[in-house]
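J.:
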Amino acid sequence: MKFRGILLHINEHYVTFLDCEKQREIQLRNTYEKVVNIAIGKVYIFRDKRMVPQIPNNMEKLVEVEEINGDVFLKTFVLTPTAEVQDATVFATPRVSERVCNRYRECVWSPQIGMVHDPRNLVDDIRGYNPGEYALVWVKYRHGREEVFRVCEGIRRDEYTGPDRISPWHKEENGVDIYHERAMEIKEIASRNGLVPIERRTIFSPSIYVAKKVLNPLYNPDKLESPKYCDIMYNIELGIIRCVQGAGTLGCWYQHGVKDQRLNVNRVSRIESKESVRRVARGQNYRNKPTFVSVKAALLQRITSPIRALDDGKEVELPVSFRFDRKMFEEEEDHSRPRDERRIKANVHFWDEVIGKVDIPHRESLQIVQNADHIRDETRRRTIIVKVYVKLVDNYIERAQMVKDPMVAFFKVHHVRGFYNKRNRMIQNVLNFN
1 MKFRGILLHI NEHYVTFLDC EKQREIQLRN TYEKVVNIAI GKVYIFRDKR MVPQIPNNME
61 KLVEVEEING DVFLKTFVLT PTAEVQDATV FATPRVSERV CNRYRECVWS PQIGMVHDPR
121 NLVDDIRGYN PGEYALVWVK YRHGREEVFR VCEGIRRDEY TGPDRISPWH KEENGVDIYH
181 ERAMEIKEIA SRNGLVPIER RTIFSPSIYV AKKVLNPLYN PDKLESPKYC DIMYNIELGI
241 IRCVQGAGTL GCWYQHGVKD QRLNVNRVSR IESKESVRRV ARGQNYRNKP TFVSVKAALL
301 QRITSPIRAL DDGKEVELPV SFRFDRKMFE EEEDHSRPRD ERRIKANVHF WDEVIGKVDI
361 PHRESLQIVQ NADHIRDETR RRTIIVKVYV KLVDNYIERA QMVKDPMVAF FKVHHVRGFY
421 NKRNRMIQNV LNFN
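The sequence shown begins at 1 in UniProt numbering and counts up one residue at a time.
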């Protein structure tokens, strides 16, 4: 597996880079050997043990990076929405409806970076700038912060000449459900969990340490190398995986390698087959076994948390959020019925980009629907972001052992935190209607 991006940060433990295609910061464990002349702002392909310099593509060329006294700054194009009719200039983009514009008001978006933060409204202060136009700005990279990219200086309005990329508000104006689109991308990542051998890959999405001193369901007292207890990690690509007891800290995130007992024998050379008879035999024995049975995490390296976990020493809770859509809570045949006659379906869930599929139990589903309906009745607000705390499902070990379908959920909503708008401002605390 390989990644590509603009290098933003590197130390002995991990590397961080900007993936312009996915418009996000990505952090990987530093497993790279014999890297020379490495430079912040250069484009690399990141493989398991190699960083290979690349010529910037047409999208990456539009990001200029400078490092000043240890701080990293990126010059990039940004855009804001407008519902007003604009003069026909090279800077302008099509206007959107008042409804869509209101939903994205105060949002600033970069074709290369995605959403950036502009708390001081520096884009609007650019001389001659009008909403709905492209502009050049300097953005500060804030490593390890929740607001990773923040506008620190407006330069000028300018013509965007890079590859076409449609802003979130123009997508919505054209009828594209960007939340559904993102959910499909997440589902594709999660689908890698299953029966396919992982071989010797060492680059994955980050894993979180979710449980300690769990009775090892694969414990064999007749084997010295079979421990009675193990610790548990979760990864969106791999699902639930085991690791050596005491290898990490509860609630912390790690990059790591794996030891996979499965082996794709067809890819082993004749020489290796003769020298590794035991390995081949073991691989055959584990063939068609799920990841939980065959894989252990190894070489753990702690990284900055993509989601800051809460733990009481026994359980881990994660704060995540999703956009409320009433249809996801209803039986399909009920969509045409009056609202108060629609049933809450049994298998409600949503997709989170870091932890994948999350189940919503019936009690929490009913609570979310009642609160969201109340908000819409009172305010006519269309976009509602539901913030929740999630934790592992009670039978996560059983699910991990029996899973043939990688779409299984290992997390469930534990309780609802509140209801917010798109700009992360609270609309309403959780109300009880029973």
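Ideal Cβ positions, reconstructed from N, Cα and C, are used throughout, including at glycine. This one's a predicted model, so the numbers in the text were calculated from it and none came from an experiment.
What does the alpha-carbon distance come out to for the pair K289 and M402?
T.: Against the sequence shown, residue 289 aligns to sequence position 289. Against the sequence shown, residue 402 aligns to sequence position 402. Rounded to whole angstroms, K289 to M402 spans 9 angstroms at the Cα level.
J.: From D163 to V100, what distance separates their C-alpha atoms?
T.: In the sequence shown, counting from the first residue as 1, residue 163 sits at position 163. In the sequence shown, counting from the first residue as 1, residue 100 sits at position 100. Here residue 163 is Pro; the residue named in the question, Asp, does not match the sequence. Spanning the two alpha carbons is a distance of roughly 24 angstroms.
J.: If you draw a straight line from the alpha carbon of L62 to that of D125, how long is it in whole angstroms?
T.: Mapped onto the sequence shown, residue 62 falls at position 62. Mapped onto the sequence shown, residue 125 falls at position 125. Rounded to the nearest angstrom, the two C-alpha atoms are 22 angstroms apart.
J.: Following a CB-centred definition, is L310 positioned closer than 8 angstroms to any heavy atom of the ligand ATP?
T.: Ligands are entirely absent from the displayed structure, and the ligand ATP is therefore not among its contents.
J.: Tell me the start and end of each unbroken beta strand (DSSP E) in the UniProt domain "DUF7038" (69-172) that is at least 3 residues and wholly inside, in chain order.
T.: List check, beta strand (DSSP E) in window: 71-79, 108-110, 114-116, 134-141, 149-157.
J.: Could you please give the first and the last residue of the uninterrupted alpha helix (DSSP H) stretch that includes S321?
T.: In the sequence shown, residue 321 corresponds to position 321, counting from 1. It is not in any alpha helix (DSSP H) - S321 instead sits in the beta strand (DSSP E) that spans 316-323.
J.: DSSP three-state label for Q370, please.
T.: On the sequence shown, position 370 is the one that residue 370 refers to. Helix, per DSSP.
J.: DSSP beta-bridge partners for S207?
T.: The sequence position of residue 207 within the sequence shown is 207, counting from 1. Answer by DSSP bridge pairing, in chain order: N235, Y254.
J.: Which residue wins for smallest C-alpha separation from N102, given the options F322, V388, H374, T383?
T.: Along the sequence shown, one-based indexing puts residue 102 at 102. It is T383.
J.: Under 9 angstroms, do G239 and F410 count as touching if we go by C-beta distance?
T.: Stepping through the sequence shown from its first residue, residue 239 is reached at position 239. Stepping through the sequence shown from its first residue, residue 410 is reached at position 410. Yes, the Cβ-Cβ distance between G239 and F410 is below 9 angstroms.
J.: At 4 residues or longer, and completely inside the segment 371-416: list those alpha helix (DSSP H) runs for me, N to C.
T.: Counting whole runs of 4 or more residues, the segment 371-416 contains the alpha helix (DSSP H) stretches 396-402.
J.: Which two residues bound the contiguous beta strand (DSSP E) that contains T16?
T.: In the sequence shown, residue 16 corresponds to position 16, counting from 1. T16 -> beta strand (DSSP E) spans 14-19.
J.: In angstroms with no decimal places, state the Cα-to-Cα distance between P306 and W253.
T.: Taking the sequence shown and counting its residues from 1, one reaches residue 306 at position 306. Taking the sequence shown and counting its residues from 1, one reaches residue 253 at position 253. Each residue's Cα considered, the two are about 8 angstroms apart.
J.: Around the Cβ of F433, are there at least 16 other Cβ atoms within 10 angstroms (buried) or fewer (exposed)?
T.: As a first step, residue 433 is located in the sequence shown; it is residue number 433 there, counting from the start. Under this definition F433 is an exposed residue.
J.: Check R270 in the structure and name its three-state DSSP category.
T.: Taking the first residue of the sequence shown as position 1, residue 270 is located at position 270. Reliability of the predicted coordinates at R270 is poor, the pLDDT of 49 falling under 50, and no value is obtained from them.
J.: Excluding the 5 residues flanking R399 on each side, which residues of the same chain have their C-beta closer than 6 angstroms to its C-beta?
T.: The residue you call residue 399 lines up with position 399 of the sequence shown. Excluding sequence neighbours, R399 sits near V408.
J.: Which residue from F149, P111, V148 puts its Cα closest to that of Y134?
T.: Here residue 134 refers to the residue found at position 134 when the sequence shown is read from its first residue. Comparing Cα-Cα distances from Y134 to each of F149, P111, V148, the minimum goes to P111.
J.: When you compare only the Cα positions, how much space is there between V52 and E64?
T.: As a working note, residue 52 is residue 52 in the sequence shown. As a working note, residue 64 is residue 64 in the sequence shown. Roughly 19 angstroms separates the two Cα atoms.
J.: What distance in whole Å lies between the Cβ atoms of K345 and E364, which are believed to be in contact at a cut-off of 8 angstroms?
T.: Residue 364 sits at position 364 when you count from the first residue of the sequence shown. Residue 345 sits at position 345 when you count from the first residue of the sequence shown. Not confirmed; about 13 angstroms, so no contact.
J.: Check K296 in the structure and name its three-state DSSP category.
T.: Position 296 of the sequence shown holds residue 296. Strand, per DSSP.
J.: M51 by DSSP, collapsed to three states: which one?
T.: As a position in the sequence shown, residue 51 is number 51, starting the count at 1. Here M51 sits in strand by DSSP.
J.: Rounded to whole angstroms, what is the Cα-Cα separation between I375 and T161?
T.: In the sequence shown, counting from the first residue as 1, residue 375 sits at position 375. In the sequence shown, counting from the first residue as 1, residue 161 sits at position 161. Each residue's Cα considered, the two are about 42 angstroms apart.
J.: DSSP state of M426, grouped into three classes?
T.: To locate residue 426, count along the sequence shown from 1; it is residue 426. Three-state result, M426: strand.
J.: So for L62, helix, strand or coil by DSSP?
T.: Sequence index remark: in the sequence shown, residue 62 carries index 62 (1-based). Reduced to three states, the DSSP call for L62 is helix.
J.: Indicate the three-state DSSP secondary structure (helix, strand or coil) for K327 in the structure shown.
T.: Along the sequence shown, read from residue 1 onward, the residue named residue 327 stands at position 327. Correct three-state label for K327: helix.
J.: Which stretch, first to last residue, makes up the beta strand (DSSP E) that contains F350?
T.: Here residue 350 corresponds to residue number 350 of the sequence shown, with the count starting at 1. 349-352 is the span of the beta strand (DSSP E), which, as asked, contains F350.
J.: Within the same chain, show all residues whose beta-carbon is closer than 6 angstroms to that of E98, passing over the 5 residues directly before and after it, in chain order.
T.: Locating residue 98 in the sequence shown gives position 98, counting from the first residue. Cβ neighbours of E98 beyond the five flanking positions: A83.
J.: Between R113 and L74, is the Cβ-Cβ spacing less than 9 angstroms?
T.: Looking up residue 113 in the sequence shown gives position 113. Looking up residue 74 in the sequence shown gives position 74. Reading the sequence as shown, one finds Ile at residue 113 and not Arg. In contact: I113 and L74 (Cβ atoms closer than 9 angstroms).
J.: Where does E225 sit, in a helix, a strand or coil, going by DSSP?
T.: Start at 1 with the first residue of the sequence shown, and residue 225 comes out as number 225. Residue state, collapsed to three classes: coil.
J.: Drop a sphere of 10 angstroms on the beta-carbon of R95, count the other beta-carbons inside from all chains shown, and report buried for 16 or more, exposed for fewer.
T.: Here residue 95 refers to the residue found at position 95 when the sequence shown is read from its first residue. The residue is buried, with at least 16 neighbouring Cβ atoms inside 10 Å.
J.: Which two residues bound the contiguous beta strand (DSSP E) that contains V36?
T.: Against the sequence shown, residue 36 aligns to sequence position 36. It is not in any beta strand (DSSP E) - V36 carries neither H nor E in the DSSP assignment.
J.: Keeping to the same chain, check which residues put their C-beta closer than 6 angstroms to that of R200; ignore five residues upstream and five downstream.
T.: Your numbering for residue 200 matches position 200 in the sequence shown. Reliability of the predicted coordinates at R200 is poor, the pLDDT of 49 falling under 50, and no value is obtained from them.
J.: Which residues does DSSP list as the beta-bridge partners of D260?
T.: As a working note, residue 260 is residue 260 in the sequence shown. According to DSSP, which records beta bridges pairwise, D260 is partnered with V295.
J.: Report the partner residues of G418 according to the DSSP bridge assignment.
T.: By 1-based counting over the sequence shown, the position of residue 418 is 418. Answer by DSSP bridge pairing, in chain order: K387.
J.: Report back the beta-carbon spacing between I368 and V386 to the nearest angstrom; my notes put them in contact at under 8 angstroms.
T.: By 1-based counting over the sequence shown, the position of residue 368 is 368. By 1-based counting over the sequence shown, the position of residue 386 is 386. Going by Cβ atoms, the distance from I368 to V386 rounds to 6 angstroms, so yes, they are a contact pair.
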